[in-house]
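Numbered per numbering that gives the first Met the number 0, the sequence shown finishes at 398, counting up by one with no gaps. All C-beta atoms, glycine included, are put in the ideal place defined by N, C-alpha and C. All values reported here derive from a predicted model rather than from experimental measurement.
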Amino acid sequence: MEPDHGAISRAWSWRHAIAKSGLPATTRLVLHTLGLKMDATGGSCYPPISEIVELSGLDKKTVLKHLEIAEEKGWIEVSQHGFRGQKWKRNEYVARWPGRDLIGEAANTADEEGGGAVPPPSVAAKVVELVPEGGGFGSQKVVEQLHQDKNLPDNSPANSPSASAGEGGLNRVDRKKVEHAFTLWYATWNKGDVEFARNAWFALSQEDRAECIERTPNYLRWAKPSERMAAAVYLKNRHWRDMPELRPESERTVLHNAYSKAWSARRFFELAADPAEPPVPPTRFQMMELQKGGEAAEKVKRERRLAYGWPKVINMHRRAEMAEGVTVTPWLVKLSEGFVGVHRDSELAARWRRLHEQYGWPPLPERVEWLFFPPGEPEQAVADFREATTKERGNDDAA
0 MEPDHGAISR AWSWRHAIAK SGLPATTRLV LHTLGLKMDA TGGSCYPPIS
50 EIVELSGLDK KTVLKHLEIA EEKGWIEVSQ HGFRGQKWKR NEYVARWPGR
100 DLIGEAANTA DEEGGGAVPP PSVAAKVVEL VPEGGGFGSQ KVVEQLHQDK
150 NLPDNSPANS PSASAGEGGL NRVDRKKVEH AFTLWYATWN KGDVEFARNA
200 WFALSQEDRA ECIERTPNYL RWAKPSERMA AAVYLKNRHW RDMPELRPES
250 ERTVLHNAYS KAWSARRFFE LAADPAEPPV PPTRFQMMEL QKGGEAAEKV
300 KRERRLAYGW PKVINMHRRA EMAEGVTVTP WLVKLSEGFV GVHRDSELAA
350 RWRRLHEQYG WPPLPERVEW LFFPPGEPEQ AVADFREATT KERGNDDAA
């Protein structure tokens with residue numbers, strides 16, 4: 000079978016065009032490295048990032064950054080194969096030429112139409128010829144005559160086929176509405192080339208744009224800032240769909256301030272659990288006391304239970320001293336609404352302190368003037384709170 004010299008010429012033209020593209024030097028290096036893994040016609044390839052790192056001599060972060068730049072600028076198309084999070088997921092890379100046909104669809108169209116079709120200006124304006132190297136009759140190389148004026152209409156992103164395709168079905172009023180929606184959306188993202196992002200926006204369907212507007216705020220909260228990609232890449236690949244469905248706000252576990260009602264409810268909920276076994280063995284002195292038995296042994300047990308029995312409560316106290324709150328589930332927040340404020344110097348607060356000593360619980364916070372407790376006398380209030388938590392947790396599990 001004869002090789003497709005036309006396809007090979009187009010592939011090599013792409014590699015030559017990269018050198019004259021105005022892309023950052025590192026981006027060009029990454030693309031040339033990627034080109035080593037493509038076949039002679041510039042077909043798709045699936046190299047792992049580790050291989051590009053090895054061949055280019057760049058670190059992984061740099062390679063990922065410049066692949067993103069290349070995709071945003073339209074020099075490659077990236078698609079993923081496999082499910083998110085799976086080890087066998089991989090990227091497919093396809094060579095692209097912004098505003099031009101690399102795959103040769105114009106030639107195919109001409110064949111189908113009997114040769115009468117006229118190639119688009121962006122293709123016709125590019126002259127590629129094969130000439131012998133060094134003027135001899137040896138192996139051939141590609142020589143391409145590129146436009147020096149990069150601002151020609153067919154090279155301008157705003158006039159590229161992708162842009163006109165997305166806007167072609169819109170009237171003037173609709174285009175203004177879509178443009179206004181894009182301006183508001185891009186202000187929340189604000190990363191990447193705005194023109195490429197705008198073209199990607201207009202290429203979306205009306206339903207996709209509405210879905211993007213609705214889900215982007217949650218995506219921005221969900222994704223790490225360091226992982227935020229260029230806007231055009233996000234839009235073209237519809238990455239808002241990567242985000243798992245969020246539970247309604249009324250069902251989410253959220254952070255509550257230290258010493259608040261919700262914080263106090265979480266504290267009592269943790270205290271209701273059985274004390275944990277100490278993670279460290281007794282000291283030699285404590286072993287001697289335990290062996291004595293009686294009050295000496297009980298004292299050591301109380302001290303160890305106080306220090307290690309409820310580690311989550313101890314951690315809550317430490318964080319609260321630094322004004323850090325704690326997360327509380329919605330059903331527990333609901334229970335906390337019935338808590339009552341008690342002044343630290345009141346007789347009721349003193350009774351709560353005695354109950355803590357009786358149960359061996361960590362002592363109440365001393366740095367706040369007002370504390371929150373379940374309503375009623377301490378012992379009965381604790382019993383009622385435990386019963387309420389059992390009931391609410393059962394309802395929550397059933398839901």
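DSSP-derived helix/strand/coil call for residue i
| i | result |
| --- | --- |
| residue 89 | strand |
| residue 384 | helix |
| residue 360 | coil |
| residue 232 | helix |
| residue 222 | coil |
| residue 62 | helix |
| residue 275 | coil |
| residue 336 | coil |
| residue 78 | strand |
| residue 100 | The pLDDT assigned to residue 100 is 46, lower than 50, so where the model puts this residue is not dependable, and the model offers no usable value. |
Burial state of residue i, where buried means 16 or more other Cβ atoms lie within 10 Å
| i | result |
| --- | --- |
| residue 198 | buried |
| residue 12 | buried |
| residue 263 | buried |
| residue 384 | buried |
| residue 382 | exposed |
| residue 308 | buried |
| residue 265 | buried |
| residue 260 | buried |
| residue 340 | exposed |
| residue 60 | exposed |
| residue 255 | buried |
| residue 19 | exposed |
| residue 175 | exposed |
| residue 71 | buried |
| residue 284 | exposed |
| residue 55 | buried |
| residue 35 | exposed |
| residue 223 | exposed |
| residue 315 | buried |
| residue 214 | buried |
Residue i, enclosing alpha helix (DSSP H) - first and last residue
| i | result |
| --- | --- |
| residue 370 | Element bounds for residue 370: not the alpha helix (DSSP H) but the beta strand (DSSP E), 369 to 372. |
| residue 341 | Not the alpha helix (DSSP H): residue 341 falls in the beta strand (DSSP E), residues 339 to 342. |
| residue 202 | 193 to 202 |
| residue 185 | 171 to 188 |
| residue 227 | Run containing residue 227: none; DSSP gives neither H nor E here. |
| residue 43 | Residue 43 -> no alpha helix (DSSP H), and no H or E assigned at all. |
| residue 262 | 260 to 270 |
| residue 34 | 24 to 34 |
| residue 54 | 48 to 55 |
Among the options, the one whose alpha carbon lies nearest that of residue i
| i | options | result |
| --- | --- | --- |
| residue 237 | 21, 78 and 327 | 78 |
| residue 211 | 181, 70 and 322 | 181 |
| residue 364 | 191, 267 and 239 | 267 |
| residue 356 | 200, 215, 378 and 196 | 378 |
| residue 369 | 209, 343, 56 and 97 | 343 |
| residue 277 | 305, 284 and 298 | 305 |
| residue 361 | 338, 269 and 253 | 269 |
| residue 24 | 293, 65, 36 and 45 | 65 |
| residue 390 | 380, 334, 351 and 349 | 334 |
| residue 271 | 75, 44, 380 and 27 | 380 |
| residue 328 | 316, 285 and 392 | 392 |
| residue 93 | 312, 35 and 44 | 44 |
| residue 27 | 67, 46 and 49 | 67 |
| residue 375 | 358, 351, 359 and 366 | 351 |
| residue 302 | 274, 387 and 325 | 274 |
| residue 359 | 209, 330, 299 and 331 | 299 |
| residue 230 | 96, 183 and 253 | 183 |
| residue 225 | 32, 188, 294 and 347 | 188 |
| residue 62 | 315, 47 and 29 | 29 |
| residue 21 | 97, 49 and 48 | 97 |
| residue 257 | 325, 353 and 47 | 325 |
Residue i, enclosing beta strand (DSSP E) - first and last residue
| i | result |
| --- | --- |
| residue 255 | 253 to 255 |
Chain C contact for residue i (CB, 9 Å cutoff)
| i | result |
| --- | --- |
| residue 279 | Any reference to chain C falls outside this structure, which holds one protein chain only. |
Review point. Taking only runs of the alpha helix (DSSP H) that begin and end inside the segment 283 to 325, which ones reach a length of at least 4 residues, in chain order?
Key: 283 to 291, 293 to 307 and 310 to 320
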